[in-house]
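Chains as they are written, first to last, in the working numbering: chain A, 1 to 225; chain B, 1 to 225. For each residue, glycine too, the CB sits at the ideal point set by N, CA and C.
Protein chains: 2
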Amino acid sequence: DHYIICGYGRIGRMVCQEFSAKPLPFIVVEQEPERCQQLEEAGILFVQGDATNDDVLEKAGIREAKGLITVVTSDSANVFITLTARGINPDLFILARASEDSAQVKLMRAGANKVISPYKIGASRIAQAILRPSVVDFIEIAIGANNIELQMEEIQVNAASRLVGKNLIDSGIRKNLGLIIVGIKKNQQMMFNPDPGVTIDADDILIALGKSPDIKKLEKIALNG
Amino acid sequence: DHYIICGYGRIGRMVCQEFSAKPLPFIVVEQEPERCQQLEEAGILFVQGDATNDDVLEKAGIREAKGLITVVTSDSANVFITLTARGINPDLFILARASEDSAQVKLMRAGANKVISPYKIGASRIAQAILRPSVVDFIEIAIGANNIELQMEEIQVNAASRLVGKNLIDSGIRKNLGLIIVGIKKNQQMMFNPDPGVTIDADDILIALGKSPDIKKLEKIALNG
Ligand SMILES: [Ca+2]
Ligand SMILES: [Ca+2]
Numbered sequence: 001d002h003y004i005i006c007g008y009g010r011i012g013r014m015v016c017q018e019f020s021a022k023p024l025p026f027i028v029v030e031q032e033p034e035r036c037q038q039l040e041e042a043g044i045l046f047v048q049g050d051a052t053n054d055d056v057l058e059k060a061g062i063r064e065a066k067g068l069i070t071v072v073t074s075d076s077a078n079v080f081i082t083l084t085a086r087g088i089n090p091d092l093f094i095l096a097r098a099s100e101d102s103a104q105v106k107l108m109r110a111g112a113n114k115v116i117s118p119y120k121i122g123a124s125r126i127a128q129a130i131l132r133p134s135v136v137d138f139i140e141i142a143i144g145a146n147n148i149e150l151q152m153e154e155i156q157v158n159a160a161s162r163l164v165g166k167n168l169i170d171s172g173i174r175k176n177l178g179l180i181i182v183g184i185k186k187n188q189q190m191m192f193n194p195d196p197g198v199t200i201d202a203d204d205i206l207i208a209l210g211k212s213p214d215i216k217k218l219e220k221i222a223l224n225g
Numbered sequence: 001d002h003y004i005i006c007g008y009g010r011i012g013r014m015v016c017q018e019f020s021a022k023p024l025p026f027i028v029v030e031q032e033p034e035r036c037q038q039l040e041e042a043g044i045l046f047v048q049g050d051a052t053n054d055d056v057l058e059k060a061g062i063r064e065a066k067g068l069i070t071v072v073t074s075d076s077a078n079v080f081i082t083l084t085a086r087g088i089n090p091d092l093f094i095l096a097r098a099s100e101d102s103a104q105v106k107l108m109r110a111g112a113n114k115v116i117s118p119y120k121i122g123a124s125r126i127a128q129a130i131l132r133p134s135v136v137d138f139i140e141i142a143i144g145a146n147n148i149e150l151q152m153e154e155i156q157v158n159a160a161s162r163l164v165g166k167n168l169i170d171s172g173i174r175k176n177l178g179l180i181i182v183g184i185k186k187n188q189q190m191m192f193n194p195d196p197g198v199t200i201d202a203d204d205i206l207i208a209l210g211k212s213p214d215i216k217k218l219e220k221i222a223l224n225g
């Protein structure tokens, strides 16, 4: 149940930082000796080698991995890594980086579950910061680390939780915890701004917005409280 | 009251697309003949020249501009453009792109109001897509274009609106329009998850979440409804 990060360049490095902060178990696959030296010094688990090579991905534990994130610079390399990984593990969650727009479709065809283009995301954020500056502030705070005042978090409801079978009002999530439920994902289907009368079922994913300590309380209740 | 976009590279191009879609008036400053040719063909207003040159920025109307977005590839060029622009217009909103981490501080010191690093934003989105996939889905829908089901929008309350002086419950925003107010910005200060008893004042910025047509209704009411 670990993650494999292919590429310890600029993007790969930042992804590692966020995974370490969580913390989430991961291993890096990197070819360049210089970068492997940096991984060594940073105390990060890694496999030196070419991620388009089956044996290298096997060494990184691809059969037991929960997900693979391929973020090398070259789009064709990311496509090749995706193809290789999908060939070994059909159930793996694969997230791939795209540089060119044209790579998006090819990466999905190669078997990626999600494709993210840093350029596109960055350009969109720049435009949004002009078009809707307060919304951007709000979102940066809500999904940023270390903001106690506001967090947006997803919480899955366990069958053992007392929330199961209750509607949103009776759950007390708003009244007792001060949290807003802005979305509920039921069977992969997202309900936005759910009505207070909506019933919470086991395995629902609640998208909660509120203070960090209150979200931690809801996480406990959703587990077995 | 137009915007000046310096640099018609990869990022600049995408920013232009989003501005055109809104639509928001803008002019591009670009030096390279090949890119100017593309601007010409796309029917986009532009000034050919070096954006670190006062005369070029004057030609782009910097004294009357509302904001300047500098998104050339080189950090040092972005710093130089920021310094030049700030020297001419002290009140201009300047948004600058940073590639290296170290450029962030220098750009702020040069007079930028906001600095955005596409790499950082992209890497963070990649990590979040693993750490909180449903939150990322939610946000991509809420701030994406053309999603009628969910939009997150900021709406400033005009003094002439009937909302002024009412608290959130009495405003009917939730009950009649089905919108959630997830934040209120009062005097540059953001209140998160505001209490239903909070009073709406003139010039407040409401962060509203809900269906696109309902948000349009609120925009009208906030203006003079
Ligand atoms: Ca990388
Ligand atoms: Ca550019």
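Next on the checklist: I need the boundaries of the alpha helix (DSSP H) containing A:Q151, first residue and last residue.
Outcome noted: Start at 1 with the first residue of the first sequence, and residue 151 of chain A comes out as number 151. For A:Q151, there is no enclosing alpha helix (DSSP H); the enclosing beta strand (DSSP E) covers residues Q151 to Q156.
Checklist entry - Around the Cβ of A:G225, are there at least 16 other Cβ atoms within 10 angstroms (buried) or fewer (exposed)? => result Position 225 of the first sequence holds residue 225 of chain A. Result: exposed.
Item to check | Any C-beta of chain B under 8 Å from that of A:K185 | outcome: Mapped onto the first sequence, residue 185 of chain A falls at position 185. Yes, because at least one Cβ of chain B sits closer than 8 Å to the Cβ of A:K185.
Item to check | Interfacial residues, the segment 110-130 of chain B to chain A, with Cβ spacing under 8 Å | outcome: Among the residues of the segment 110-130 of chain B, those with a Cβ less than 8 Å away from any Cβ of chain A are K114, I116, S117, P118, Y119, K120, I121, G122, A123, S124, R125, I126, A127, Q128, A129 and I130, in the order of the chain.
Next on the checklist: Which of the three DSSP states is assigned to A:A98 in this structure?
Outcome noted: As a position in the first sequence, residue 98 of chain A is number 98, starting the count at 1. A:A98 falls in the coil class under three-state DSSP.
Checklist entry - Residues of chain B with a CB under 7 Å from the CB of A:F19: which are they? => result If you number the first sequence from 1, residue 19 of chain A lands on position 19. Ordered by position in chain B, the residues that pass the 7 Å Cβ test against A:F19 are A127.
Checklist entry - Does the Cβ-Cβ distance between B:I207 and B:L163 come in under 8 Å? => result In the second sequence, the residue the question calls residue 207 of chain B occupies position 207. In the second sequence, the residue the question calls residue 163 of chain B occupies position 163. Contact: no.
Item to check | Straight-line gap, B:E34 to B:P196 (C-alpha atoms, nearest Å) | outcome: By one-based count along the second sequence, residue 34 of chain B stands at place 34. By one-based count along the second sequence, residue 196 of chain B stands at place 196. Between the alpha carbons of B:E34 and B:P196 lies a gap of roughly 56 Å.
Checklist entry - Near A:A160, what residues of its chain come up, given a Cβ to Cβ distance below 8 Å and the 5 sequence neighbours on each side ignored? => result Position 160 of the first sequence holds residue 160 of chain A. Taken in chain order, the residues that qualify are L223 and N224.
Next on the checklist: For A:S134, would you say it is in contact with chain B, using Cβ-to-Cβ distances shorter than 8 Å as the test?
Outcome noted: Locating residue 134 of chain A in the first sequence gives position 134, counting from the first residue. Output row for A:S134: interface = yes.
Item to check | Three-state secondary structure assigned by DSSP to B:L206 | outcome: Residue 206 of chain B sits at position 206 when you count from the first residue of the second sequence. Three-state result, B:L206: strand.
Checklist entry - For the segment 188-212 of chain B, which residues have a beta carbon sitting closer than 7 Å to at least one beta carbon of chain A? => result M190, F192, N193, I205, I207, L209 and G210
Checklist entry - In chain B, what lies closer than 8 Å to A:I83 by C-beta? => result If you number the first sequence from 1, residue 83 of chain A lands on position 83. According to the sequence shown, residue 83 of chain A is Leu rather than Ile. Within 8 Å Cβ-Cβ: nothing; A:L83 doesn't reach chain B, min ~19 Å.
Item to check | 8 Å Cβ cut-off: residues of chain B touching A:I69 | outcome: Residue mapping note: residue 69 of chain A aligns to position 69 of the first sequence, counting from 1. By Cβ distance, chain B contributes I126 and I130.
Checklist entry - For the alpha helix (DSSP H) that B:E41 lies in, which residues bound it at each end? => result Sequence index remark: in the second sequence, residue 41 of chain B carries index 41 (1-based). B:E41: member of the alpha helix (DSSP H) spanning P33 to A42, first to last residue.
Checklist entry - Taking DSSP as the reference, what is the three-state secondary structure of B:E30? => result Mapped onto the second sequence, residue 30 of chain B falls at position 30. Strand, per DSSP.
Item to check | Chain-ordered neighbours of B:K22 on chain A, where CB pairs are closer than 8 Å | outcome: Residue numbering aside, residue 22 of chain B sits at position 22 when the second sequence is read from its first letter. What B:K22 touches in chain A: L131.
Item to check | Presumed contact (8 Å Cβ cut-off) between B:E18 and A:S124, rounded CB distance | outcome: By 1-based counting over the second sequence, the position of residue 18 of chain B is 18. By 1-based counting over the first sequence, the position of residue 124 of chain A is 124. Yes, they are in contact, since the Cβ atoms of B:E18 and A:S124 sit about 7 Å apart, within 8 Å.
Checklist entry - Cβ atoms of B:C6 and B:T73: under 8 Å apart, would you say? => result Residue mapping note: residue 73 of chain B aligns to position 73 of the second sequence, counting from 1. Residue mapping note: residue 6 of chain B aligns to position 6 of the second sequence, counting from 1. Cβ distance not < 8 Å, so B:T73 and B:C6 don't count as in contact.
Item to check | Expected contact under 8 Å - CB spacing of A:T82 and A:G111 to nearest Å | outcome: Start at 1 with the first residue of the first sequence, and residue 82 of chain A comes out as number 82. Start at 1 with the first residue of the first sequence, and residue 111 of chain A comes out as number 111. 5 Å between Cβ atoms; contact.
Checklist entry - Which residue's Cα is closest to the Cα of A:A60: A:N158, A:D1, A:Q156 and A:D203? => result On the first sequence, residue 60 of chain A is found 60 positions in, with the first residue counted as 1. When each option's Cα is compared against that of A:A60, the closest is A:D1.
Next on the checklist: I need the boundaries of the beta strand (DSSP E) containing A:V182, first residue and last residue.
Outcome noted: Position 182 of the first sequence, counting from 1, holds the residue named residue 182 of chain A. Where A:V182 is concerned, the enclosing beta strand (DSSP E) starts and stops at I180 to K186.
Checklist entry - Of all Cβ atoms in chain B, is any one closer than 8 Å to the Cβ of A:I27? => result Within the first sequence, numbered from 1, the residue matching residue 27 of chain A stands at position 27. For A:I27, the answer is no, since every Cβ of chain B falls outside 8 Å of its Cβ.
Checklist entry - Are A:D204 and A:I184 closer than 8 Å when you measure CB to CB? => result Within the first sequence, residue 204 of chain A is the residue found at index 204, counting from 1. Within the first sequence, residue 184 of chain A is the residue found at index 184, counting from 1. Yes; because the gap between Cβ atoms is below 8 Å, this pair is in contact.
Next on the checklist: Less than 8 Å between the beta carbons of B:I126 and A:I11, yes or no?
Outcome noted: In the second sequence, the residue the question calls residue 126 of chain B occupies position 126. In the first sequence, the residue the question calls residue 11 of chain A occupies position 11. The answer is yes: Cβ separation under 8 Å.
Next on the checklist: When you measure from the CB of A:T82 to every non-hydrogen atom of ligand 3, does any distance come out below 7 Å?
Outcome noted: Summarising the ligand content, the structure contains ligand 1 and ligand 2 and does not contain ligand 3.
Item to check | Same chain, Cβ closer than 7 Å to A:D75, five either side skipped, listed in chain order | outcome: Working through the first sequence from its first residue, we reach residue 75 of chain A at position 75. Cβ within range, chain order: A98, S99, E100 and A103.
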